[in-house]
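Take the sequence shown: its letters are residues 19 to 344, numbered as in the numbering used here.
From the three backbone atoms N, C-alpha and C, an ideal C-beta is built for every residue, glycine too.
These figures come from a predicted structure and were not determined experimentally.
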Amino acid sequence: MTGSEIRNNWTLQEIEGIYNMPLLELIYKAAGVHHRNNQTGEVQVCTLLSIKTGGCPEDCAYCPQAARYHTDVSVQALMQTDEVLNYARKAKEAGSTRFCMGAAWREVRSNRDFDRVIEMVKGVNDLGMEVCCTLGMLTEEQALRLQEAGLYAYNHNLDTSEQYYEEIISTRTFDNRINTINNVRKAGITVCSGGIIGLGETHRDRISMLLTLATMPKHPESVPINALARVAGTPLEDNEKVDTWEMVRMIATARIVMPSSMVRLSAGRIEMSETEQAWCFMAGANSIFTGERETLLVTPNPGVSEDMQMLQTLGLKPMMKKETCC
Ligand code: SF4
Numbered sequence: 019m020t021g022s023e024i025r026n027n028w029t030l031q032e033i034e035g036i037y038n039m040p041l042l043e044l045i046y047k048a049a050g051v052h053h054r055n056n057q058t059g060e061v062q063v064c065t066l067l068s069i070k071t072g073g074c075p076e077d078c079a080y081c082p083q084a085a086r087y088h089t090d091v092s093v094q095a096l097m098q099t100d101e102v103l104n105y106a107r108k109a110k111e112a113g114s115t116r117f118c119m120g121a122a123w124r125e126v127r128s129n130r131d132f133d134r135v136i137e138m139v140k141g142v143n144d145l146g147m148e149v150c151c152t153l154g155m156l157t158e159e160q161a162l163r164l165q166e167a168g169l170y171a172y173n174h175n176l177d178t179s180e181q182y183y184e185e186i187i188s189t190r191t192f193d194n195r196i197n198t199i200n201n202v203r204k205a206g207i208t209v210c211s212g213g214i215i216g217l218g219e220t221h222r223d224r225i226s227m228l229l230t231l232a233t234m235p236k237h238p239e240s241v242p243i244n245a246l247a248r249v250a251g252t253p254l255e256d257n258e259k260v261d262t263w264e265m266v267r268m269i270a271t272a273r274i275v276m277p278s279s280m281v282r283l284s285a286g287r288i289e290m291s292e293t294e295q296a297w298c299f300m301a302g303a304n305s306i307f308t309g310e311r312e313t314l315l316v317t318p319n320p321g322v323s324e325d326m327q328m329l330q331t332l333g334l335k336p337m338m339k340k341e342t343c344c
């Protein structure tokens, strides 16, 4: 496999030119890049568990876990370590190689709850799974503690472009986001960072977000592309449903500008048919979230048996854990 050149000097105009290609041309190009850089017959299967749910002080306009919105999410305190490890064991048995734990916190506080998360990270790592967390903002010292406990990846999405950021979140800044990602990198943890489409952003915003990711000194090893899950009670509940071709266009562009990153088809799969998801894989997606709980944190998601059936239909195999992949 001869890989494409990894570039960190993309310009907005270059990415715009790719994003605006005729759709099928774009998919052909992305599929070629994918084929040259990755095992196209494999899809990474990850499980995401909400270990602390709801009651978040932030105001992310898309999020049903923000305390200020009136949604159906019930607040749940941080789970016990044993309970989380039971979920991780089941996820492993069902074919997941990566286990992600999400807590609805603004930021990590260095307290007993964080000590418990450290225990969870050690426990999942001991199961031989790649362990990932998404816990909000993180200092360099906290990132280092997580790394020492065996954390493999940290998720911190950009969500949207720098220009559109304050329309979606007012309780923190785009720079706060970048700082946490830098702290994760400094600690030697791999980065998982992507965004959401369907927030009311322009095409230029989507391109700008991809530019930020693709011009980082090192590309995020994992790039989740989410379609907005429109949840009743959130400010964005009446937004239009994201068209699948918009997801395909976004995934294909991400694949071309970040050839060897895992591009994850994330939220929004529940509203896609197998055929639509197949187009996303064709365009370069090679990672999904699944799980027996059939939720992605707190929104609906296909279940693991349905997903395994889909992969079989498409002739795709769950990716084995690789030390070099994320
Ligand atoms: S996305 Fe995260 S930080 Fe924002 S409100 Fe939801 S849980 Fe809080």
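Closest residue to residue i among the options (Cα-Cα distance)
{"i": "GLY154", "options": "MET119, PRO40, ILE24, GLU166", "result": "MET119"}
{"i": "VAL139", "options": "PRO277, ALA106, THR293", "result": "ALA106"}
{"i": "ALA79", "options": "ARG190, CYS210, ASP144", "result": "ARG190"}
{"i": "ILE207", "options": "LEU231, GLY216, ASN173", "result": "ASN173"}
{"i": "GLN31", "options": "ASN197, CYS150, ARG222, SER22", "result": "ARG222"}
{"i": "THR271", "options": "LEU332, VAL51, LEU169, ASN27", "result": "VAL51"}
{"i": "GLY286", "options": "GLY216, LEU231, LEU334, LEU329", "result": "GLY216"}
{"i": "GLY168", "options": "LEU156, ARG86, GLY141", "result": "GLY141"}
Cβ-based burial, residue i [other Cβ within 10 Å; buried from 16]
{"i": "TRP263", "result": "exposed"}
{"i": "THR29", "result": "exposed"}
{"i": "LEU164", "result": "buried"}
{"i": "ASP177", "result": "buried"}
{"i": "VAL65", "result": "According to the sequence displayed, residue 65 carries Thr and not Val. Under this definition THR65 is a buried residue."}
{"i": "GLN330", "result": "exposed"}
Inter-residue spacing [alpha-carbon to alpha-carbon] between residue i and residue j
{"i": "ARG195", "j": "GLN295", "result": "29 Å"}
{"i": "TRP123", "j": "LYS108", "result": "26 Å"}
{"i": "SER16", "j": "ALA171", "result": "With the chain covering 19 to 344 only, the question about residue 16 has no answer from this structure."}
{"i": "ALA112", "j": "GLN98", "result": "22 Å"}
{"i": "LEU254", "j": "TYR37", "result": "25 Å"}
{"i": "ILE33", "j": "VAL275", "result": "8 Å"}
{"i": "GLY212", "j": "PRO235", "result": "16 Å"}
{"i": "ASP261", "j": "ARG130", "result": "43 Å"}
{"i": "GLN181", "j": "VAL241", "result": "20 Å"}
{"i": "VAL288", "j": "GLY59", "result": "A small fix is needed here, since residue 288 is Ile in this sequence, not Val. Answer to the nearest angstrom: the Cα atoms are 22 Å apart."}
{"i": "CYS343", "j": "GLU239", "result": "Summary for CYS343: the model assigns pLDDT 37, below 50, so the residue's position carries little reliability, and this model does not support an answer."}
{"i": "GLU185", "j": "ASP193", "result": "15 Å"}
{"i": "ASN26", "j": "ALA232", "result": "6 Å"}
{"i": "PRO40", "j": "TRP297", "result": "15 Å"}
7 Å Cβ cutoff met for residue i and residue j
{"i": "ALA161", "j": "VAL202", "result": "yes"}
{"i": "SER188", "j": "MET227", "result": "no"}
{"i": "VAL281", "j": "ALA303", "result": "yes"}
{"i": "VAL209", "j": "THR89", "result": "no"}
For residue i: DSSP bridge partner residues
{"i": "GLY120", "result": "SER68, THR152"}
Short CB-CB distance (under 7 Å) between residue i and chain D
{"i": "THR178", "result": "In the structure shown, chain D does not exist; there is a single protein chain."}
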